[in-house]
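Comments concern the structure below.
Number of protein chains: 2
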Amino acid sequence: MKVLSQTSKYGIRALLYMVSHPSGSEYMSIGEIAREIDLSFHFLTKIFRELTAKGILYSYRGPSGGIALAKPASEIMLVDIVFALEGKDYFDQCLLGLPGCGHAKPCPVHDFWKDVKHDIRVHLSGTSLQHLSEKIVSEEVRLLL
Amino acid sequence: MKVLSQTSKYGIRALLYMVSHPSGSEYMSIGEIAREIDLSFHFLTKIFRELTAKGILYSYRGPSGGIALAKPASEIMLVDIVFALEGKDYFDQCLLGLPGCGHAKPCPVHDFWKDVKHDIRVHLSGTSLQHLSEKIVSEEVRLLL
DNA sequence: CATTATTCAGACAATTTTATCCGAAATAAA
DNA sequence: TTTATTTCGGATAAAATTGTCTGAATAATG
Ligand code: SF4
Ligand code: SF4
Chain B
1 MKVLSQTSKY
11 GIRALLYMVS
21 HPSGSEYMSI
31 GEIAREIDLS
41 FHFLTKIFRE
51 LTAKGILYSY
61 RGPSGGIALA
71 KPASEIMLVD
81 IVFALEGKDY
91 FDQCLLGLPG
101 CGHAKPCPVH
111 DFWKDVKHDI
121 RVHLSGTSLQ
131 HLSEKIVSEE
141 VRLLL
Chain P
1 MKVLSQTSKY
11 GIRALLYMVS
21 HPSGSEYMSI
31 GEIAREIDLS
41 FHFLTKIFRE
51 LTAKGILYSY
61 RGPSGGIALA
71 KPASEIMLVD
81 IVFALEGKDY
91 FDQCLLGLPG
101 CGHAKPCPVH
111 DFWKDVKHDI
121 RVHLSGTSLQ
131 HLSEKIVSEE
141 VRLLL
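Chains B and P supply the protein sequences, listed in that same order.
Heads up: the first sequence begins at 1 in full-length UniProt numbering, then just goes up one per residue.
Heads up: the second sequence begins at 1 in full-length UniProt numbering, then just goes up one per residue.
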């Protein structure tokens, strides 16, 4: 059951680390984040470039450069990250994948599937990085091993 | 959002077609099913071999051979098909994919994710091929284009 | 027995996803 | 101005998923 791609999982984890471990300086380097959450620096760089292109991050090159949130953490919702990394058609996928759906009658699992998708959408839309970060900082939950 | 692999989607659609379009004879040929639901005969054959190996189908070779349900349609639940085709660890996947999870504290989205997985599990466990087939036969919903 | 229809088994190819790597561009600091 | 640090861009590779194909095994039928 792959609700999120590796790319999205890494992206969310990396952003949560950023928000939960503020560096003091304006920008945080990708290398440091990759080291801390233990994933490939180059892969994370690729993910962050996409998030920068989509307006979720700012970036700045050179020494003491790095990346920073383009908006307050309270205004970045999980759904924004997912849309940026998985595409805006993220919720258009189907459980059975009938050809030409949306036009004719629904398939036998549509009602159920619709509800599941709705639940996920509501939750991803209502949860901000700030919200999750607070849980991490208070050590209510964990992000690292 | 890929909740089911193509393999599972095809498998479920094919089984639903079988149940909703009984052939009169004991076995139904894979070729006919593949033609009716418009997918590759060879791919469907591979899927059905797996379902046969997992005890969900019987098979019989030769002319007038084919496949048949190993149990009444009312006793084959969606979850059985998913477990057979996606593996028994289907519900063990994580939203964030933290390393070494299940041991230490949960991640910040665990509560939500647990609920979503539970909903899906309950539904897949409670829905039989018979149940869905009735909806199809009564033309309440569609399976084909 | 020969022919035909069917599943079985697995090799192979195409596509997508995931991951690695290298060099260029920008920029701060020495 | 030189050097070190960092993101940017994209090539390449590895792995997983999806799809195609060929031949063998099995069994009914003429
Ligand atoms: S009816 Fe709904 S769940 Fe079923 S294939 Fe169409 S959009 Fe997807
Ligand atoms: S805490 Fe729960 S949702 Fe989060 S990674 Fe672990 S098992 Fe998955």
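Beta carbons: idealized from backbone N, C-alpha and C, even for Gly.
The structure presented is a predicted model; accordingly, all values stated were derived computationally and were not measured.
Minimum C-alpha distance to residue i - residue among the options
i, options, result
"residue 40 of chain B", "B:11, B:3, B:123 and B:114", "B:11"
"residue 7 of chain P", "P:64, P:139, P:48 and P:30", "P:48"
"residue 110 of chain P", "B:59, B:94 and B:127", "B:127"
"residue 140 of chain B", "P:62, P:141, P:129 and P:106", "P:106"
"residue 129 of chain P", "B:71, B:9, B:108 and B:144", "B:108"
"residue 80 of chain B", "B:2, B:144 and B:50", "B:50"
"residue 99 of chain B", "P:9, P:58, P:62 and P:82", "P:9"
"residue 24 of chain P", "P:57, P:115 and P:64", "P:64"
"residue 89 of chain P", "P:117, P:37 and P:66", "P:117"
Assigned secondary structure, residue i (DSSP; H/G/I helix, E/B strand, else coil)
i, result
"residue 179 of chain B", "Any answer about residue 179 of chain B is impossible in this case: the structure gives chain B only from 1 up to 145."
"residue 27 of chain P", "coil"
"residue 128 of chain B", "strand"
"residue 85 of chain B", "helix"
"residue 16 of chain P", "helix"
Extent of the continuous alpha helix (DSSP H) run through residue i
i, result
"residue 53 of chain P", "41–53"
Endpoints, the beta strand (DSSP E) within which residue i is located
i, result
"residue 67 of chain P", "66–69"
"residue 58 of chain B", "57–60"
(message) Which residues end up in the neighbourhood of ligand 2 when you take C-beta atoms closer than 5 Å to any of its heavy atoms?
(response) Residues whose Cβ lies closer than 5 Å to any heavy atom of ligand 2, listed in chain order: P:94, P:95, P:96, P:98, P:101, P:106, P:107, P:110 and P:113.
(message) Residues of the segment 25–47 of chain B in Cβ contact with chain P at a cutoff of 9 Å, in chain order, please.
(response) Within the segment 25–47 of chain B, the qualifying residues are 38.
(request) Would you list, in chain order, the members of the segment 111–135 of chain P that have their beta-carbon closer than 7 Å to a beta-carbon of chain B? (result) Of all residues in the segment 111–135 of chain P, 112, 116, 119, 120, 123, 132 and 135 have a Cβ within less than 7 Å of some Cβ in chain B.
(request) Please list the residues of the segment 1–18 of chain B that have a C-beta atom closer than 8 Å to any C-beta atom in chain P, keeping them in chain order. (result) Look at the segment 1–18 of chain B: the residues with a C-beta under 8 Å from a C-beta of chain P are 1, 2, 3, 4, 6, 9, 12, 13 and 16.
(request) Using a Cβ-Cβ cut-off of less than 9 Å, give me the residues of the segment 59–73 of chain P that come near chain B, in sequence order. (result) So the list is empty, because no residue satisfies the distance condition.
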